[in-house]
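Everything in the sequence shown is counted per our numbering, starting at 3 for the first residue and increasing by one.
Backbone N, C-alpha and C define an ideal beta-carbon position, used for all residues, glycine too.
Structure first, then comments.
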Amino acid sequence: MTQEQHTEKHGFTAEVSQLLKLMIHSLYSNKEIFLRELVSNAADAADKLRFKALEDSSLFEDDGDLRVRVSFDKDKRQVILSDNGIGMTRDQVIEHLGTIAKSGTKEFFGKLSGDEAKDSQLIGQFGVGFYSAFIVADKVTVETRAAGTEVSQGVRWVSAGEGDYEVSDIEKTGRGTDVILHLRDEEDEFLDNWKLRSIITKYSDHISIPVEMYKEEQPERDGPDGPEGEKIPAVPGEWEAINKATALWTRTKNDISDEEYNEFYKHISHDFADPLQWSHNKVEGKQDYTSLLYIPAKAPWDMWNRERQHGLKLYVQRVFIMDDADQFMPSYLRFVKGVLDSNDLPLNVSREILQDTKVTSNLRSACTKRVLTMLERMAKNNAEKYQGFWEEFGQVLKEGPAEDAANKDQIAKLLRFASTHTDSKDQTVGFADYVERMGESQDKIYYVSADSYAAAANNPHLEIFKKKGIEVVLMYDRIDEWLISHLSEFDGKQLVSVSKGSLDLGELDDEETKAEQEKAETEFASFVERAKTAMGDKVKDVRLTHRLIDTPSCIVSDDNDMSTQMQKLMEAAGQAVPEQKYIFELNPQHPMVAKLSDEQDEAVFADWIELLHQQAELSERGSLEDPSDFIRRVNRLLV
């Protein structure tokens with residue numbers, strides 16, 4: 003190579019510097035993963051070249067045998083990884099090796115706790131890739147040339163993994179990338195042929211590109227008959243593949259171990275943890291494809307980032323086409339990782355073409371069904387494991403009924419909520435469990451929605467249900483109200499909010515209770531009229547309630563009106579919410595209401611009625627439009 007020219011020094015972005023410091027300490031106990039990450043990157047580079055060469059075979063530069071080579075030099079204390087893949091230009095080197103090309107990095111670093119064990123898991127979810135080299139190296143050199151460019155357009159990148167790096171122009175004969183790790187003093191174990199081979203076999207056996215190491219030359223030696231017998235000729239040194247070099251998903255399931263499935267997942271996801279579950283299927287007939295789909299054990303740190311890419315790795319006839327093909331997996335299953343290999347799509351397929359093909363639609367439907375079936379089996383056969391999944395991904399799955407009407411019933415079976423039947427929010431029930439526990443005379447599924455578990459569990463609307471032993475589903479996630487607007491029934495039973503409309507328990511009420519209610523309606527008729535006059539147009543209506551036991555009043559939405567939770571959801575999203583008035587209900591059995599009915603002073607009566615209304619509003623909405631008015635009224639009545 004000629005003397006390098008046009009050398010520039012650049013500073014790492016703040017995110018890279020911070021990540022490097024954290025990573026070296028947090029991941030040190032699992033440092034051999036650096037080789038897995040670098041081999042994985044090299045294999046991806048080879049895959050990308052193969053795809054680009056479909057349109058321009060000259061990119062192969064008369065070298066179509068794609069491979070990754072791993073070697074070491076004990077004297078120089080170097081481990082070298084070389085690939086003849088797509089390579090990088092100078093601009094690409096600066097873009098990919100000088101910055102973390104992911105949106106939401108500020109959020110990521112905000113989640114780091116300083117606990118190395120926890121942070122190492124989060125860093126694993128972030129995907130460290132190339133930067134893992136600095137776990138074992140105190141200096142890294144990268145020499146690369148993009149396929150199809152001149153020999154003189156090679157680039158050298160050098161950094162000690164601290165504040166900056168240097169980029170130089172070099173001549174590089176072969177296309178692709180060489181990563182040279184200058185090992186730290188204490189990392190001698192990686193200057194060993196057997197050690198490197200064992201790591202490659204452990205982590206990279208499934209990669210479809212050959213990963214090669216040099217087989218040492220063997221000198222001429224004596225045969226089995228001793229010194230006078232036939233000589234065994236010398237064997238020259240050569241590169242040999244260490245891995246199987248067969249795409250894992252193309253092999254039969256019986257020939258693949260759980261460990262191989264786990265390592266392949268880590269290869270495609272850059273996650274450190276084993277997956278929770280996977281499904282490997284080969285389909286032939288009207289469609290011809292293979293899918294290998296994984297459900298992670300932990301949610302990615304940026305799952306709620308709108309800019310985050312998701313989807314499957316797409317192959318067509320074993321040729322890599324693209325990462326993050328989101329056309330094959332609905333948004334509510336965006337946590338699913340995996341590979342889809344189709345024989346029915348053209349090799350020159352693009353994201354635009356994928357949007358409009360029937361093949362894409364059929365594959366999306368099949369992959370979605372596969373994942374939902376996988377989750378159904380998990381929920382049925384291992385409730386504890388499914389609960390772990392639900393805690394990580396439940397809120398995303400709740401988007402399903404609105405997004406995927408065709409699978410709404412199947413998704414509904416997978417939903418989990420707390421209920422008055424459970425002791426804490428960590429214990430959840432499905433709608434099927436609820437229906438199984440329903441009494442013979444109950445024909446509805448009752449639920450209450452609130453801002454928190456405590457607010458839902460202690461909601462005044464539950465009082466009559468607790469008294470009668472009727473289970474109520476507790477919904478307190480922001481998305482729940484939106485979910486219910488798209489899921490009105492389950493197994494033929496209507497979902498009914500306990501805080502909307504007039505409460506009609508039907509056959510769940512006995513005749514004696516109904517008689518008491520009718521009597522109260524008659525006795526308190528004039529009281530209700532006075533309350534209506536006092537409240538004026540502040541409310542939609544005033545009436546007696548039979549849903550309360552220990553609480554004097556509550557507000558409810560009319561059957562066709564927007565619930566308080568939906569209002570808050572829309573307001574939080576910045577949407578205009580039409581003004582809405584609530585129905586004000588008073589409990590005739592409560593001592594305060596009974597005493598108030600005898601109050602003769604209309605001004606005092608109006609004050610008390612307004613106070614009860616504000617109490618009810620605070621309990622239901624969690625806030626008041628004018629808190630100072632509430633405080634003044636309380637103080638006035640106390641005096």
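- Contact holds between the segment 387-406 and the segment 478-485, because three or more Cβ pairs, one in each stretch, are under 8 Å apart.
- Taken atom to atom, the span from the alpha-carbon of Leu83 to that of Ile182 is near 7 Å.
- Leu185 sits close to Ala139, with the two beta carbons spaced by under 8 Å.
- Rounded to the nearest whole angstrom, the C-alpha separation of Ile88 and Met324 is 14 Å.
- Ala618 is the residue among Val213, Ala618, Lys174 whose C-alpha sits nearest the C-alpha of Asn589.
- DSSP, read as helix, strand or coil, puts Ile35 in helix.
- In this structure, Ser501 lies away from Glu587, with their beta-carbon atoms at least 8 Å apart.
- In the assembly as shown, Asn86 is a buried residue. Its beta-carbon has 16 or more other beta-carbons within 10 Å.
- Of the residues assessed, Asp343 falls on the buried side of the cut-off, its CB having 16 or more other CB atoms within 10 angstroms.
- Leu571 is not a Cβ neighbour of Trp610, given a cutoff of 8 Å.
- DSSP places Leu546 in no alpha helix (DSSP H) but in the uninterrupted beta strand (DSSP E) bounded by 543-546.
- Residue pairing from DSSP leaves Cys369 without any beta-bridge partner.
- For the 8 Å CB-CB criterion, Ala149 and Leu56 do not form a contact.
- As far as DSSP is concerned, Met564 takes part in no beta bridge.
- For Val641, the closest of Gln567, Ala527, Val606, Gly576 by C-alpha to C-alpha distance is Val606.
- Cα atoms of Asn350 and Glu63: separation of roughly 21 Å, rounded to the nearest angstrom.
- Closest in alpha carbon position to His8, among Gly156, Phe53, Phe136, Asp77, is Gly156.
- For Asp75, the enclosing beta strand (DSSP E) has its first and last residue at 70-75.
- Contact between the segment 169-178 and the segment 188-196 is not established, with fewer than three Cβ pairs separated by less than 8 Å.
- Residue pairing from DSSP places Gln279 in a beta bridge opposite Ile297.
- Taking a C-beta distance under 8 Å as the contact criterion, Gly340 and Ala327 do not qualify as a contact pair.
- Between the segment 296-303 and the segment 258-276, the count of C-beta pairs closer than 8 Å reaches three or more; the two stretches touch.
- Assigned with DSSP and collapsed to three states, His269 falls in helix.
- For Trp159, the uninterrupted beta strand (DSSP E) segment begins and ends at 156-161.
- When DSSP states are grouped into helix, strand and coil, His208 belongs to the coil group.
- Of all C-beta pairs linking the segment 514-522 to the segment 432-447, fewer than three are shorter than 8 Å, placing the two stretches out of contact.
- Taking C-beta atoms as the reference points, Arg92 and Leu68 fail to come closer than 8 Å.
- If you draw a straight line from the Cα of Ser73 to the Cα of Leu37, it comes to about 11 Å.
- Around the CB of Glu473, 16 or more other CB atoms lie within 10 Å, so the residue is classed as buried.
- With 16 or more other Cβ atoms from the protein chains shown falling within 10 Å of its own Cβ, Glu39 counts as buried.
- Taking C-beta separations shorter than 7 Å and ignoring five residues to either side along the sequence, the partners of Ala249 in its chain run Ser210, Arg320, following chain order.
- Taking the CA atoms as reference points, Asp46 sits about 39 Å from Asp411.
- Here the alpha carbon of Glu152 sits roughly 29 Å from the alpha carbon of Asp75.
- Sequence-distant Cβ neighbours of Arg439 in its own chain, meaning closer than 8 Å and more than five residues away, are His423, Glu473.
- One Cα belongs to Arg253, the other to Phe266, and the distance between them is close to 13 Å.
- In this structure, DSSP gives Phe492 an extended state, which the three-state scheme calls strand.
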